[in-house]
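S.K.:
Protein chains in written order, with the working numbering: chain A, 1 to 337; chain B, 1 to 337.
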C-alpha cells in the first residue's frame, strides 16, 4: 500500500517489472543501443499499409514480447495503461483491440511511459490490480506528417529539433515478483509553460517541468543527485538537457551533471546519425527504459534510476492558434531487486 | 484499500465526491437538465478567440467551480485526472497550465469521465493521494471541425448521428468525506470492435463494449439490474441504447430496460432539439453525471447508480484508412452517503 514522503508516493511493496521489451525501427536499430532491443524492423511500415497501422503493430509487438518474457497470457492482465502521440491515441487503442485486455488510455505526450509506469506501480502496489502492462509508442513517419509536414515535402530541420523515435516499449508490472527491477516511488508532474513558442524546440519547452519534478523529488525524499546511478530524463535532447541542468543549478542549487543522462541522447549517435538535438517521441524513453535501463536494473548493473519522463503538451492546432508549448514531467524511481 | 470481487474493484473506504460542477453551452442550457448546471455559456466561444480555447475555458470553469463547492484550493489537490476529445487533449492540458496542480492526462474518448472517476477513486481509496479532481470536456464546434466537416460546410446529419455536447464536468474526490456521494466500485472495460465502419453511428460502435462491461459488473458483484436506481450509459444515444438492451437480453439473458438511462438521451429533448440520436462527446456524460446524477445522490434521491462511460476510440485518420470503430466502456458504481 502506498505511503507519502512529501508529495512523492512511496510504493511499499515495490512492484516488480517481470517482463520488458522494446521494438524499434531501422534507424534506432543502427544506434548505440542496437544490442538492447528485442525487435528491430527494417521496414518502416512494420508490414502494414500505413505508418499509423505500422505504429499500432510496433506497440503490439512490444506488448506481446513483454508478456512472453514475463510468462503471462493476455487473459491474466488486469489492466493495460497505454498511450501514444497519434490523434485520439489510435496507436494504443487499435493495438488493444486485438488483445482483449482491460485498457485505460493515457495521454502524456512523450511522458507517457513514465505516466503508465507510475499509475501501474500504484495500482498494483495497492492491490487494486495484480498485473498491469505499461506501454507506449511513437513512429517518425506518423508523427512527422501529423505534427509537421508531409514527409515528401522534405522540410529543413532546425538545430534544436529532435528526431521522433520509431519505437515502442512495454513493461509487465506485478505486485508479487522476484528477481525483478522495482517501481519504488512516483511523483506526478505539474504543467509548466514559460512561453516557448518554437515547435522545433521541445527540449526547451519541457526543461522547466523536468527541473521542477527533479527538484521536488529530491527535496521530498531528502535525497541527493549522487544517491542515483542515473537521473534519466525522457527526451530533452541536447538543448533541453543543458537547460535542465542550468535551471537546477540556478533555481534549486542542485547540480545533477555527474549523474544525468537523457533517453534522447542515448538512443542515437548524435555525431553520426543526423538527428540534431537527439531523439524524442513517446517511443524514445519507452524503448530506452524498456530495454537498456530495465535490463541493467535486472542484472544489478544499475541500482537506482530516477526516470523522469518529459512531455510537450502541444498540438498542431494549439501552435497554429499562437499558443506556447506547455511541458510536463512525471518521475518514477526504478530500483534493482 | 481496494479489494476485488471477480474483476470488479471494490473501494473499501468509498471515497466521497465533495464537490461537483458542470458548465455547458447554450443548447445544453435549453435542454431538460437546464436547472442542474452550474454555468451556462450563451457564447459558443466561451469568451475566447477560438473554439478550442473556448473548450479549455469551459473545462477550467467546471474545475474551478467544483473546487469552490468542495472548499478546496488548487494547492491542496494531489492529482487532476483529465482528458478530452481534442487532438493531444489540449482542452485539458492547456486548462491545467494555469492551475498548477499535478496532472495525469487520460484518453478514453467519451468514456473519459468514467475513467477519471475510476482512477481517482482507486488512487484516493488506497491512500496514494488524498484529493483528486476528475474532469473532462467536449465542444460541439471544436469536435465537429476536427472529426467531421468545417461548420460552414453545413453537412447533412444522418439519423443515427449524435450531437457533440458543449459541456464540461468536474468532481473533487476525497478519501475522507461526509455527506457526499461515493465511488464504491470500479470495472475497467476492454476494447470491442464488431466492425462498425459508420463514423456517424457511434452508438452502435460502443454498444458491444457497454454490454460486456454491464454484464461483467453484474456477474462479478452478483447483483441484478433491479439493485440499481439507474444503469446509466455514457452516451449511446437512441440507436446505441436499443442495441445495448438487445445485446444484454440476447447474449447475457439480462433485461436492464426498467433501470436503463443514457446521458445522451437525458441532456437533450430529442423531440424538440434536433439532435437525432442524442448527445455525445466527453462532456455529455461529464455534465450529466457532475450535475443531475451527483446532485441527486448527494440529496439521497438516488442511491445506487452504475455509471458506464462509453467511448468510441476512432480518429479521422483511422476512418480514412478504412478502419472500423473500436469501443470501450468503463463502469463506476456511484452510491449515496
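Glycine is no exception: its CB is placed at the ideal position from the N, C-alpha and C atoms.
Comparing alpha-carbon positions, which option in 336/B, 90/B, 238/B lies nearest residue 297/B?
M.R.: Here the closest residue by C-alpha is 336/B.
S.K.: Alpha carbon to alpha carbon, how far is residue 233/A from residue 262/A? Give it in angstroms, no decimals.
M.R.: For residue 262/A and residue 233/A, the distance between alpha carbons rounds to 5 Å.
S.K.: List, in chain order, every chain B residue whose beta-carbon is nearer than 7 Å to that of residue 190/A.
M.R.: Those are 100, 101, 102, 103, listed as they occur along chain B.
S.K.: Residues of chain B with CB under 9 Å from residue 1/A, in chain order?
M.R.: Chain B residues near residue 1/A: 1, 126, 127, 128.
S.K.: By the three-class DSSP mapping on this structure, what secondary structure does residue 293/A have?
M.R.: In the structure shown, residue 293/A sits in a helix (DSSP, three-state: H, G or I).
S.K.: What's the C-alpha gap between residue 305/A and residue 160/A?
M.R.: Spanning the two alpha carbons is a distance of roughly 26 Å.
S.K.: Taking 8 Å as the cut-off, decide whether the C-beta atoms of residue 288/A and residue 97/B are in contact.
M.R.: No, the pair does not count as a contact, with Cβ atoms beyond the cut-off.
S.K.: Cβ atoms of residue 285/A and residue 163/A: under 8 Å apart, would you say?
M.R.: It is not a contact, given that the beta carbons lie outside the stated cut-off.
S.K.: Which residue wins for smallest C-alpha separation from residue 331/B, given the options 119/B, 303/B, 106/B, 55/B?
M.R.: Residue 119/B is the option with its Cα nearest to residue 331/B.
S.K.: Within the same chain, show all residues whose beta-carbon is closer than 6 Å to that of residue 314/A, passing over the 5 residues directly before and after it, in chain order.
M.R.: The residues are 325.
S.K.: Starting from the beta carbon of residue 326/A, find every residue of chain B whose beta carbon is closer than 7 Å, and list them in chain order.
M.R.: Within 7 Å Cβ-Cβ: 93, 94, 97.
S.K.: Cβ of residue 52/B less than 8 Å from any chain A Cβ?
M.R.: For residue 52/B, the answer is yes, since a Cβ of chain A falls inside 8 Å of its Cβ.
S.K.: Starting from residue 186/A and walking both ways along the beta strand (DSSP E), at which residues does that stretch end?
M.R.: Start and end: 182–187.
S.K.: List the residues that DSSP assigns as beta-bridge partners of residue 308/A.
M.R.: DSSP, once it has assigned bridges, lists 233/A, 331/A as partnering residue 308/A.
S.K.: Rounded to whole angstroms, what's the CA-CA distance from residue 198/B to residue 312/B? Just pull it up for me.
M.R.: Distance between the alpha carbons of residue 198/B and residue 312/B: 12 Å.
S.K.: In chain A, which residues lie with their C-beta within 9 Å of the C-beta of residue 317/B?
M.R.: The answer, in chain order, is 50, 52, 86, 87, 88, 90, 142, 146.
S.K.: Can you confirm whether the region 264–272 of chain A touches the region 9–16 of chain A when touching is taken to mean that 3 or more C-beta pairs between the two stretches lie within less than 8 Å?
M.R.: At 8 Å Cβ cutoff, the stretches do not touch.
S.K.: From the DSSP output, in three-state form, read off residue 123/B for me.
M.R.: Looking at residue 123/B - three-state DSSP - the assignment turns out to be helix.
S.K.: Taking only three categories from DSSP, how would you classify residue 168/A?
M.R.: Reduced to three states, the DSSP call for residue 168/A is strand.
S.K.: Tell me whether residue 85/A sits in a helix, a strand or coil according to DSSP, three-state version.
M.R.: Three-state result, residue 85/A: coil.
S.K.: Looking at C-alpha atoms only, which residue of 29/A, 47/A, 318/A, 307/A is the closest neighbour of residue 217/A?
M.R.: Among 29/A, 47/A, 318/A, 307/A, the Cα nearest to that of residue 217/A belongs to 307/A.
S.K.: Is the region 87–94 of chain B touching the region 42–59 of chain B in the sense that three or more CB pairs, one from each, lie closer than 8 Å?
M.R.: The region 42–59 of chain B vs the region 87–94 of chain B: in contact.
S.K.: Looking only at DSSP bridge pairs, what is residue 376/B linked to?
M.R.: Here chain B covers residues 1 to 337 and nothing more, so residue 376/B does not appear.
S.K.: Is it the case that the Cβ atoms of residue 239/A and residue 277/A are separated by a distance below 8 Å?
M.R.: Going by C-beta atoms, residue 239/A is nearer than 8 Å to residue 277/A.
S.K.: Are the C-beta of residue 109/A and some C-beta of chain B separated by less than 8 Å?
M.R.: So yes, residue 109/A belongs to the interface.
S.K.: What does DSSP give as the partner residues of residue 41/A in its beta bridges?
M.R.: The partner list for residue 41/A (beta bridge, DSSP) reads 25/A.
S.K.: At least one CB of chain A closer than 8 Å to the CB of residue 235/B: is that the case?
M.R.: False, the Cβ-Cβ gap to chain A never drops below 8 Å.
S.K.: Where residue 226/A and residue 145/B are concerned, what is the direct C-alpha to C-alpha distance, given to the nearest angstrom?
M.R.: About 51 Å.
S.K.: Going by beta carbon distance, what residues of the same chain come within less than 8 Å of residue 319/A, once the five residues before and after it are set aside?
M.R.: 197, 199, 325, listed in sequence order.
S.K.: If we define contact as Cβ-Cβ less than 8 Å, is residue 122/A a contact residue for chain B?
M.R.: So yes, residue 122/A belongs to the interface.
S.K.: Hey, out of 215/B, 254/B, 206/B, 75/B, whose CA is closest to residue 110/B's CA?
M.R.: The residue with the shortest Cα to Cα distance from residue 110/B is 206/B.
S.K.: Taking all protein chains shown into account, decide if residue 27/B is buried (16 or more other Cβ within 10 angstroms of its Cβ) or exposed.
M.R.: So residue 27/B counts as buried.
S.K.: Closer than 6 Å by C-beta to residue 101/B: which residues in its own chain qualify, once you throw out the five before and the five after it? Chain order, please.
M.R.: Only 74, 77, 80 meet the Cβ criterion.
S.K.: When the distance is taken between beta carbons, is residue 167/B closer than 8 Å to residue 21/B?
M.R.: Contact: no.
S.K.: Where residue 131/A and residue 68/A are concerned, what is the direct C-alpha to C-alpha distance, given to the nearest angstrom?
M.R.: So the alpha carbons of these two residues sit roughly 14 Å apart.
S.K.: I'd like the span of the beta strand (DSSP E) that includes residue 137/A, first residue to last.
M.R.: From DSSP, the beta strand (DSSP E) with residue 137/A extends over 131–138.
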